[in-house]
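**Q** Provided herewith is a single structure, encoded as structure tokens, for subsequent inquiry.
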Amino acid sequence: MYCTLTKEQATLYEAVAQDMMMQIEEAEAQSMKRRGLELSMWMQLKQICNHPVQYLHRAVKMVARLYIRKWMKQFIKHINPASMSTAYSQASVIF
Numbered sequence: 000m001y002c003t004l005t006k007e008q009a010t011l012y013e014a015v016a017q018d019m020m021m022q023i024e025e026a027e028a029q030s031m032k033r034r035g036l037e038l039s040m041w042m043q044l045k046q047i048c049n050h051p052v053q054y055l056h057r058a059v060k061m062v063a064r065l066y067i068r069k070w071m072k073q074f075i076k077h078i079n080p081a082s083m084s085t086a087y088s089q090a091s092v093i094f
């Protein structure tokens with residue numbers, strides 16, 4: 000199958016292919032680990048070809064979590080500035 004890749008897709012594709020090929024070469028020839036790595040590589044490459052966000056979903060979720068945590072700290076500080084003090088600790092529950 001042939002598909003045109005964007006520069007971002009081509010860069011990701013090459014990086015994943017090289018990394019996974021090194022891991023596959025290190026695995027024993029007929030081992031289950033090698034078969035698992037091969038399947039994982041094909042799935043990752045398929046995700047990159049479909050859309051880079053499918054492959055990068057883990058990184059995107061991590062950044063989102065960090066942003067939410069930062070926002071929550073600012074929100075709690077705004078509600079109760081004393082809650083950010085190191086003199087004592089408080090818990091906050093937000094729904």
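Everything in the sequence shown is counted per numbering that gives the first Met the number 0, starting at 0 for the first residue and increasing by one.
Quick reminder that beta carbons are idealized off the backbone N, C-alpha and C, glycines included.
For residue 54, is the classification buried or exposed, using 16 other Cβ atoms within 10 angstroms of its Cβ as the cut-off for buried?
**A** Flag for residue 54 reads buried.
**Q** Any contact between the region 71 to 78 and the region 38 to 50? By contact I mean 3 or more CB pairs, one from each, below 8 Å.
**A** The region 71 to 78 vs the region 38 to 50: no contact.
**Q** What residue from 73, 12 and 32 has the CA that sits closest to residue 52's CA?
**A** The shortest C-alpha separation from residue 52 is found at 12.
**Q** For residue 40, tell me which candidate among 31, 23, 50 and 29 has the shortest Cα-Cα distance.
**A** Checked all of 31, 23, 50 and 29; the closest Cα to residue 40 is 23.
**Q** What number of angstroms, rounded off, separates the C-alpha of residue 25 from the C-alpha of residue 67?
**A** Computed Cα separation, rounded: 39 Å.
**Q** Does DSSP classify residue 54 as helix, strand or coil?
**A** Here residue 54 sits in helix by DSSP.
**Q** Could you check the C-alpha separation between residue 34 and residue 27 for me, to the nearest Å?
**A** Distance between the alpha carbons of residue 34 and residue 27 is about 10 Å.
**Q** Return the residue from the list 49, 37 and 50 that minimises the CA-CA distance to residue 19.
**A** Closest by alpha carbon: 37.
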